[in-house]
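Notes follow the structure.
In full-length UniProt numbering, the protein residues as written are 1 to 136.
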């Protein structure tokens, strides 16, 4: 006979499994606040700057593609992603100095050098090709 205790324990276990499964496929972003860029540039490793807006459907499509690519490749998963909120920083010195034309712009950097960029691109093969520049 299933008791209330067994039922609650089972439901809790299912909830935990759902959280773990969801977290495994979720990208981890570093949210830009103005101080993170220097640390990434000094690290010497390639990093992706993602100019996004929460309401932007193109940005959401890019995020889904990045999430899928991260799940497919440890090399892609190792690339830090700096997420820059377009609504806050679209007119910032960072966006102006990098000549960012709009939200949904992805820029792959190493140090202070730009390796490549995509604007409003959502095709998986194009985003993968950008990330592949990190290992070139």
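Backbone N, C-alpha and C define an ideal beta-carbon position, used for all residues, glycine too. Note that the structure is a prediction, hence the values are computed from the model and not measured.
Is any heavy atom in the ligand FAD found nearer than 8 angstroms to the beta carbon of residue i?
i, result
"residue 128", "Among the ligands in the structure shown, none appear at all, so the ligand FAD cannot be discussed."
So, residue i versus residue j, is the Cβ gap smaller than 9 angstroms?
i, j, result
"residue 104", "residue 70", "no"
"residue 130", "residue 119", "no"
"residue 31", "residue 54", "no"
How close, in whole Å, do the beta carbons of residue i and residue j come, if the pair is a contact with beta carbons under 8 angstroms?
i, j, result
"residue 82", "residue 127", "Between residue 127 and residue 82 the Cβ distance is about 16 angstroms, and since that is not below 8 angstroms, they are no contact."
Whole angstroms are fine: how far does the CA of residue j sit from the CA of residue i?
i, j, result
"residue 56", "residue 84", "13 angstroms"
"residue 91", "residue 124", "28 angstroms"
"residue 38", "residue 100", "18 angstroms"
"residue 47", "residue 97", "17 angstroms"
"residue 51", "residue 102", "8 angstroms"
Buried or exposed for residue i, please, with buried defined as at least 16 other CB atoms from any protein chain shown within 10 angstroms of its CB.
i, result
"residue 133", "exposed"
"residue 117", "buried"
"residue 77", "exposed"
"residue 95", "buried"
"residue 28", "exposed"
Opposite residue i in the DSSP bridges: which residues?
i, result
"residue 111", "Answer is none; residue 111 lacks a bridge partner."
"residue 46", "110"
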